[in-house]
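Here is the structure we will look at.
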């Protein structure tokens with residue numbers, strides 16, 4: 001595989017999930033990559049990718065673990081970091097897992113916002 005093709009595959013998230021930190025942290029490739037941390041309570045997901053990658057992210061997540069999703073944290077609202085959550089929300093509803101309807105926007109207190 002050429003370096004260009006490899007680099008493009010990596011940029012688009014075409015790589016197998018990576019696991020580290022004693023099998024508790026995972027990276028799932030998907031244009032805007034998805035971070036997953038396993039806790040005793042369930043999963044914390046950082047960014048959830050775009051709608052186009054949502055199915056692939058969900059399948060990869062369920063190959064890694066069957067723990068319930070407790071939290072989804074969005075770093076920001078760009079399309080490649082959010083909107084891929086439909087299958088996760090369906091699973092939460094189907095399995096009757098506890099979910100929250102509150103959305104909190106957290107902003108750093110020491111950063112100027114223009």
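Numbering (the UniProt record's numbering), first residue to last: 1 to 114.
Virtual Cβ for every residue (Gly too), placed ideally from N, Cα, C.
Exposure label - residue 21; buried when at least 16 CB within 10 Å
Here residue 21 corresponds to residue number 21 of the chain shown, with the count starting at 1. Exposed, since its Cβ has fewer than 16 Cβ neighbours within 10 Å.
Going along the chain, which residues of its own chain have a beta-carbon closer than 6 Å to the beta-carbon of residue 51, five neighbours each way excluded?
By 1-based counting over the chain shown, the position of residue 51 is 51. The answer, listed in chain order, is 83 and 84.
Could you check whether residue 70 and residue 94 sit closer than 8 Å to each other, using their CB atoms as the reference points?
Mapped onto the chain shown, residue 94 falls at position 94. Mapped onto the chain shown, residue 70 falls at position 70. No, the pair does not count as a contact, with Cβ atoms beyond the cut-off.
To the nearest whole angstrom, what separates the beta carbons of residue 44 and residue 73, a pair I think is in contact under 8 Å?
Numbered from its first residue, the chain shown carries residue 44 at position 44. Numbered from its first residue, the chain shown carries residue 73 at position 73. So it is a contact: roughly 7 Å between Cβ atoms.
Give the range of the alpha helix (DSSP H) segment to which residue 46 is assigned.
Taking the first residue of the chain shown as position 1, residue 46 is located at position 46. Residue 46 -> not in any alpha helix (DSSP H); beta strand (DSSP E) instead, spanning 43 to 46.
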